[in-house]
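Under the working numbering, the letters of the sequence shown match residues 33 to 176, in that order. Taking it in order: structure first as structure tokens, then the write-up.
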Amino acid sequence: MRQFRDFNLKLLIIEELMYGPEPLLPVYDLPARLAERGIADPASYALENGLHAEVLPQSRAYFEALEIPAELLARVEELCFDAGADVFRHCAPAWDGEDDLFDVRSLEDLSLLPNLREVTFVEDGVLAVPDAAEVFAARGIDTD
């Protein structure tokens with residue numbers, strides 16, 4: 033299994049595989065994990081501990097260590113570059129979407145997705161790669 037170069041692109045792939053309409057990976061549930069430690073509100077916890085502008089250490093460790101088998105990567109056909117992705121809530125529960133915390137800065141990892149056919153962008157998206165449209169076009173990936 034390969035390492036991802038861009039953690040945020042990995043998170044968007046995880047969004048599709050873990051939180052998508054047909055989850056293929058076991059769901060990481062930050063609120064449930066924090067509840068086990070007696071923490072009822074993840075957002076308040078992040079704010080009270082000065083963690084509102086970063087990925088919580090336990091979430092980062094989990095998602096960085098998560099190995100995604102090639103056969104699951106091959107099943108990713110669509111990605112959405114959306115600041116509202118569920119995975120971000122499980123990483124930074126108090127994140128307001130107003131900074132670049134989850135911006136994708138590299139598309140090198142697209143080579144791990146042999147069947148990616150379509151990407152979608154939204155107005156408040158998280159794609160910060162110059163010439164991204166050209167990169168997608170060169171790979172035959174449709175853009176919305």
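Glycine included, every Cβ here is placed at the ideal spot set by N, Cα and C.
| query | result |
| --- | --- |
| Opening and closing residue of the beta strand (DSSP E) in which Val151 lies | Glu150 to Phe153 |
| Asn40 burial status per 10 Å Cβ neighbour count (16 or more: buried) | buried |
| Cβ pair Ala170, Arg137 closer than 7 Å | no |
| Contact between the stretch 90 to 109 and the stretch 41 to 53 (3+ Cβ pairs under 8 Å) | yes |
| Beta carbon of His84 nearer than 7 Å to that of Ala93 | no |
| Option in Gln35, Leu57 and Arg37 with minimal Cα separation from Val119 | Leu57 |
| Cβ contact check for the stretch 109 to 124 and the stretch 145 to 158: 3 or more pairs under 8 Å | yes |
| Simplified DSSP assignment, three categories, for Ala88 | Before going further, note that residue 88 is Leu rather than Ala in the sequence given. Here Leu88 sits in coil by DSSP. |
| Straight-line gap, Ala106 to Asp73 (C-alpha atoms, nearest Å) | 36 Å |
| Beta-carbon proximity check, Glu86 vs Arg149, cutoff 7 Å | no |
| Reduced DSSP secondary structure (H/G/I, E/B, other) of Glu109 | coil |
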